[in-house]
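> For reference, the structure I am asking about is given below.
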Amino acid sequence: MKPPVLDFSGPARAYARLRVARLNAQDPVAVQERVLQRLLHRARATRFGQRHGFPSLSTIGDFQKRVPVRRYSQFLKEWWQTEYPNLTNVTWPGQIPFFAMTSGTTTGRSKYIPYTREMRRAAGRGFLDLLCFHFTNHPTSRLFGGLALGLTGPSGLQPQQEGVATGAVSAIAMGALPGVFRNRILPPPEIANLPDWQVKIDRLAELSVNRDIRCLGGSPNWLLIYLDAMAKRHPHSPASLSNWFPNLELIVHGGINFEPYRDRFRRLLSGSHAETREMYSASEGVFAIADRGDGEGLRLHLDGEVFFEFVPVETLSSEAPVRHWMADAEIGQDYALVISTAAGLWAYLLGDVVRLVDRDPPRLKVVGRVENGLSVFGEHLIEAEIAQAVARGAATFGLSVLDYSVGAAVEETGGHHLYLLETIERPSAEAIAKISEVIDGQLCALNEDYAELRQKDLALGPPEVRFAPPGGFVRWMKLRRHLGGQNKVPKIVTDRALFQDMTATILGADGEEAEQ
1 MKPPVLDFSG PARAYARLRV ARLNAQDPVA VQERVLQRLL HRARATRFGQ
51 RHGFPSLSTI GDFQKRVPVR RYSQFLKEWW QTEYPNLTNV TWPGQIPFFA
101 MTSGTTTGRS KYIPYTREMR RAAGRGFLDL LCFHFTNHPT SRLFGGLALG
151 LTGPSGLQPQ QEGVATGAVS AIAMGALPGV FRNRILPPPE IANLPDWQVK
201 IDRLAELSVN RDIRCLGGSP NWLLIYLDAM AKRHPHSPAS LSNWFPNLEL
251 IVHGGINFEP YRDRFRRLLS GSHAETREMY SASEGVFAIA DRGDGEGLRL
301 HLDGEVFFEF VPVETLSSEA PVRHWMADAE IGQDYALVIS TAAGLWAYLL
351 GDVVRLVDRD PPRLKVVGRV ENGLSVFGEH LIEAEIAQAV ARGAATFGLS
401 VLDYSVGAAV EETGGHHLYL LETIERPSAE AIAKISEVID GQLCALNEDY
451 AELRQKDLAL GPPEVRFAPP GGFVRWMKLR RHLGGQNKVP KIVTDRALFQ
501 DMTATILGAD GEEAEQ
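Going by full-length UniProt numbering, the sequence shown opens with residue 1, and the numbers climb by one from there.
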C-alpha cells in the first residue's frame, strides 16, 4: 500500500477551530433535552414507543416515570429475542441494519447490540471531535499527512438476513469511512481478519517498519504487545516511539483502565512529541472524549444521539431508582450510567460507574462497574464466573474452600491473575498446578474475552494460585477492623494497593505462603 500523498491537515485544523468553538458554546442541559425529545419523536410509532406512551411525553420527568431502567438481559427477553435478527419498528423505527458484537462485560458471553446508521454517523462525529481537540491543542499538527494504525477486531460483517449484519463495532464504523480515509488506515483487511492475534501482531509490526505512522489506536495492553513486536524489529536501537515513528502525534486508547500502563507508555514516549488521548465508547455508542490532559476527565459527547442519565448506585436495586440527568447530577458523586440512544436503547443500564468532575463543559471519569468484576486486561470476568471456576478447581481435588480472593498481577506487557485460596486441606505442588489449569480452562469455557486474551499467553498469562495458611483471611480482616458477620472477604480486589496489602498480610511480608 502506497503512503498517502495529500495532506488534509490544513483544512482539518480550520474545521477543528469551528467545531470546538461550537462545542464550547453549547448549553449542556438544553442540548441533552433536545436530544431526548428528538429520540422520543422519532420512535413514537414503534411498538416500544406506543407501549410507553411516547406521543404524550413532554418532559424529562414524564420519560423517567413511564420508561423504567432496563438491563440488556431485560431488553433481550422482553423486546428483541423473539424477532432477532429482524427487528423492525420494535424499539426503533425501521429495520435495525446492524448488531454490534460486544464483549458482554456483565454476562461473559457475547451480546448483540442493535446498531443503526444514525449511531454510526454519531460515532464518526465523536471520533472527529477527538481529532478536533487534538488539532486545537496542536495548531501546527500534520496528523493527516501520514497513516493511522488501529488494533481492532475483524473488519468483516456477517450477514444474518437481507439487510442485517453482525460484526465488531469497529467493522461497522469502518464501512462509513470515505475511501480517501480508509486507504490511510492500517491494517488492511487481510491482516485485520486474521483469527490468531499473535500472527496478526507480528504481521502488523512487519508491515509498520519504516512507515509514516502518525496515529495509533487501541486498548493499552494490545498496543504494548504491538510495540514490543516493533522493538524486536529494531534490536539495535532504544525502545522508543520517536525512533520507530518520528512523526507520530497521537495515541488514541480506550476500553480498559489506562493507569496500570501509564508508566510504560511514558517511557516509550520519551523523546516523542506524541500525546495520548482517551475515548470512552462501547458498542452502544460514543460517550465521552478527552479534550484536555490525561486524568483530567472525559468531556461528554452531548450531541451524539445519546441521552445520559445518572443513577446513584445504591438505588439501583430499588423498584424506582433515583434518576438524575444533566440538569441535576452532582459533581463528585458516583453514578451508574444509563443511556437512551438512536438505536432503540431506552433507559439502558450500561454497566459502568462514572463520576462527574466538571459541569461546564461536563466531564466525567469512569471509576468502576455496576457488577463486581475483574477486567484489568480487557477480560471482563464477573464474580459468578470466577466463583464457578474456583469451585471446579477445588472439587477436582476434593478440597473444601474456606475463602478466596483474586486480583491482578500487572507486568510491563500483560500480566496474570493471582488467586489467594484458603482450604481445609493443603494440596501438593502438582495439585496446585493442576488447580490453576482447571480454573484457567473453566474461565476460557465461560468467557470469550478471557479465552481470546489467553491465546498463547499473549496478553494474559496463566492464573497463579497461592494457598493461604489457616486463618490468613481472618487475620487480614481483623487487621483492617472488618472482622464480623456483616463484613465479607472481597472475592475480587481491583485496587492494586489493597491487593498487595492482602497478599503480604496473608502470605507473609515476603509474599511466600506460610507453613501450615
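For every residue, glycine included, the Cβ atom is placed at its ideal position computed from N, Cα and C. These numbers were taken from a predicted model, which means no experiment stands behind them.
Report all residues from its chain with a CB closer than 7 Å to the CB of G484; omit the five preceding and five following residues, and keep chain order.
Model confidence at G484 stands at a pLDDT of 43, short of 50, so the residue's coordinates are unreliable and nothing is read from them.
> Does the region 406-418 come close enough to the region 449-464 to have 3 or more Cβ pairs within less than 8 Å?
yes
> Does DSSP put G441 in a helix, in a strand, or in coil?
helix
> Please report how far the alpha carbon of Q500 lies from the alpha carbon of A468, in whole angstroms.
14 Å
> For the UniProt domain "GH3 C-terminal" (385-496), list the alpha helix (DSSP H) runs that are entirely contained and at least 4 residues long, ordered along the chain.
429-446, 448-453, 472-479
> Should I331 go down as buried or exposed, given a rule of 16 or more other Cβ atoms within 10 Å for buried?
exposed
> Take the Cβ of H301 as the centre, count every other Cβ of all protein chains shown within 10 Å, and call the residue buried at 16 or more, exposed below.
buried
> Using 8 Å as the cut-off, can you tell me whether the region 125-133 makes contact with the region 182-201, which would need three or more C-beta pairs spanning the two stretches below that distance?
no
> Who are the Cβ neighbours of R234 in its own chain at under 6 Å, not counting the five residues just before and after it?
In the sequence on display, residue 234 carries His and not Arg. Excluding sequence neighbours, H234 sits near nothing in its chain.
> Measure the alpha-carbon distance for E162 versus R71 and round it to whole angstroms.
28 Å
> Taking only runs of the alpha helix (DSSP H) that begin and end inside the region 301-378, which ones reach a length of at least 4 residues, in chain order?
none
> Using only the alpha-carbon positions, how far apart do A290 and V252 sit?
10 Å
> Under 8 Å: do the region 150-158 and the region 187-194 share three or more Cβ pairs, one atom per stretch?
Result yes; three or more Cβ-Cβ pairs closer than 8 Å.
> With a 10 Å radius around its C-beta and 16 neighbouring C-beta atoms as the bar for buried, classify D263 as buried or exposed.
exposed
> So what's P188 in DSSP terms, helix, strand or just coil?
coil
> Does the separation of the CB atoms of T166 and F99 fall below 8 Å?
F99 sits close to T166, with the two beta carbons spaced by under 8 Å.
> Suppose you measure from the CA of I439 to the CA of Q74; what does that come to, to the nearest Å?
Answer to the nearest angstrom: the Cα atoms are 30 Å apart.
> Please confirm whether P159 and A343 have their CB atoms less than 8 Å apart.
Inclusion of P159 and A343 in the CB contact set at 8 Å is not warranted, their separation being larger than that value.
> Does the region 316-327 come close enough to the region 239-259 to have 3 or more Cβ pairs within less than 8 Å?
no
> Starting from the C-beta of L57, find all residues in its chain whose C-beta is less than 8 Å away, skip the five residues before and the five after it, and write them out in chain order.
L40, F63, R66
> Buried or exposed for S87, going by 16 or more other Cβ atoms inside 10 Å?
This sequence places Leu at residue 87; Ser is not what is there. Buried: at least 16 other Cβ atoms inside 10 Å.
> Expressed to the nearest angstrom, what Euclidean distance is found between the alpha-carbon atoms of P246 and D212?
Whole-angstrom Cα-Cα distance: 8 Å.
> Please confirm whether A408 and N221 have their CB atoms less than 8 Å apart.
no
> For the alpha helix (DSSP H) containing P11, name the first residue and the last one.
9-24
> Could you check which residue in E437, V370, R359 has the C-alpha nearest to that of R392?
E437
> Over the uninterrupted alpha helix (DSSP H) stretch that includes I60, give me the two end residues.
In the DSSP assignment, I60 falls within the unbroken alpha helix (DSSP H) covering 60-66.
> Say yes only if the C-beta of L57 is nearer than 7 Å to one or more non-hydrogen atoms of the ligand MN, and no if none qualify.
Ligands displayed in this structure: none; no statement on the ligand MN is therefore possible.
> R214 lies in the beta strand (DSSP E); which residues open and close that run?
213-218
> Could you have a look at T102 and say whether DSSP puts it in helix, strand or coil?
Residue state for T102 is assigned as strand, using DSSP reduced to three classes.
> Got a sec, what are the start and stop residues for the beta strand (DSSP E) K111 sits in?
111-115
> In the DSSP assignment, find the unbroken alpha helix (DSSP H) run with I160 in it and report its ends.
According to the sequence shown, residue 160 is Gln rather than Ile. Segment 158-161 is the beta strand (DSSP E) holding Q160; no alpha helix (DSSP H) there.
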